[in-house]
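Report on the following structure.
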Amino acid sequence: MLGVLVGLLCAASWASGSILMRDLARKLDPFTLNAPRSLVGGLAALAITLFTGRAEGYQAITPDKLFFMLISMGIGGCIGDSFYTISLGRIGVARAF
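Numbering-wise (our numbering), the sequence shown opens with residue 172 and increments by one.
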């Protein structure tokens, strides 16, 4: 039941975030818009990890795994989200989604 609730909350968050970002995407550049959103998301994920007591997995991250994880986050988070934000501003929420 908790998984269903979290899934619905995630869908509602994504939908409302897209609508809110539509107006901001026309006013701000994508990097300025995505930086606070990514920071809040990362801090929320870290807080949930620490709150649920699952932080022991972080000890298994070796420097080479951390490097590839950061590269992946940079490509997906910065470049991918920036293109998504640009599309929201140019073609609208309905077409971009």
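Every residue, glycine too, gets a C-beta built ideally from N, C-alpha and C.
Element boundaries [alpha helix (DSSP H), containing residue i]
{"i": "residue 261", "result": "252-262"}
{"i": "residue 242", "result": "234-244"}
Rounded C-alpha distance that separates residue i from residue j
{"i": "residue 245", "j": "residue 173", "result": "31 Å"}
{"i": "residue 243", "j": "residue 210", "result": "16 Å"}
{"i": "residue 188", "j": "residue 226", "result": "28 Å"}
{"i": "residue 204", "j": "residue 175", "result": "29 Å"}
{"i": "residue 217", "j": "residue 233", "result": "18 Å"}
{"i": "residue 235", "j": "residue 229", "result": "13 Å"}
{"i": "residue 256", "j": "residue 213", "result": "18 Å"}
{"i": "residue 231", "j": "residue 265", "result": "41 Å"}
{"i": "residue 251", "j": "residue 220", "result": "25 Å"}
{"i": "residue 247", "j": "residue 222", "result": "26 Å"}
{"i": "residue 184", "j": "residue 224", "result": "25 Å"}
Proximity of residue i and residue j at Cβ, strictly below 7 Å
{"i": "residue 253", "j": "residue 201", "result": "yes"}
- Message: So, does the segment 175-191 touch the segment 238-252, judging by three or more C-beta pairs under 8 Å?
- Response: With the cut-off at 8 Å, the segment 175-191 and the segment 238-252 do not touch.
- Counting Cβ pairs, one atom from each stretch, are 3 or more of them under 8 Å apart for the segment 249-267 and the segment 191-199? Counting Cβ pairs under 8 Å, three or more are found: they touch.
- Message: Give the list of continuous alpha helix (DSSP H) stretches no shorter than 4 residues that lie fully inside the segment 196-231.
- Response: Correct list: 201-222.
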